[in-house]
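In this note's numbering, the protein residues as written are 5 to 155.
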């Protein structure tokens with residue numbers, strides 16, 4: 005075995021980050037027949053999805069931002085203005101995103117992360133199931149991951 009010297013560095017480096025992502029993707033693709041079959045297909049593209057709710061003046065009162073990849077919808081952000089809560093806007097936004105994901109992008113499932121003080125009960129009420137709880141993320145807060153089969 006040949007002895008090698010190594011050094012570690014810290015700092016943001018866009019070229020190294022791109023190389024790291026590429027090498028990890030190559031390693032994962034080689035290790036997983038499912039990822040190999042996915043690579044290069046339309047389902048391998050991360051496609052943004054955004055839905056906005058505006059009031060009569062054109063001001064943002066609610067919105068959902070996410071993306072689809074691997075036939076999954078990933079809800080990244082869902083927000084409703086305090087003055088509009090209780091009007092069903094969150095449910096309508098989520099239902100519309102799920103419908104677009106299912107009907108236009110052939111998604112089979114959806115996932116979301118939310119904190120304990122945000123909306124885990126809301127997502128459960130929309131048919132999502134709890135699959136993971138991470139305590140102290142950040143410290144003193146629980147993060148929930150929930151999923152839902154679409155269709």
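Heads up, the beta-carbon is just placed ideally off N, CA and C, and yes, glycines get one too.
Continuous beta strand (DSSP E) stretch holding residue i: start and end
i	result
residue 152	147–153
Start and end residues, alpha helix (DSSP H) containing residue i
i	result
residue 95	93–109
residue 41	37–42
DSSP beta-bridge partners of residue i
i	result
residue 115	78 and 151
residue 64	58
residue 69	54 and 81
DSSP three-state assignment for residue i, whether helix, strand or coil
i	result
residue 133	strand
Whole-angstrom C-beta distance between residue j and residue i, which should lie under 8 Å
i	j	result
residue 74	residue 110	That pair is no contact at about 11 Å.
residue 1	residue 123	No statement about residue 1 is possible, as the shown extent of the chain runs from 5 to 155 and does not include it.
residue 141	residue 147	4 Å
residue 105	residue 72	5 Å
residue 20	residue 33	Rounded, the Cβ-Cβ distance is 20 Å, inconsistent with contact.
Below 8 Å, can you find three or more Cβ-Cβ pairs linking the segment 49–59 to the segment 20–40?
-> Contact between the segment 49–59 and the segment 20–40 is not established, with fewer than three Cβ pairs separated by less than 8 Å.
Within the chosen definition, does the segment 71–84 reach the segment 105–120 through at least 3 CB pairs nearer than 8 Å?
-> Verdict: yes, contact present.
Within the chosen definition, does the segment 91–111 reach the segment 62–74 through at least 3 CB pairs nearer than 8 Å?
-> Contact between the segment 91–111 and the segment 62–74 is present: three or more C-beta pairs spanning the two stretches fall below 8 Å.
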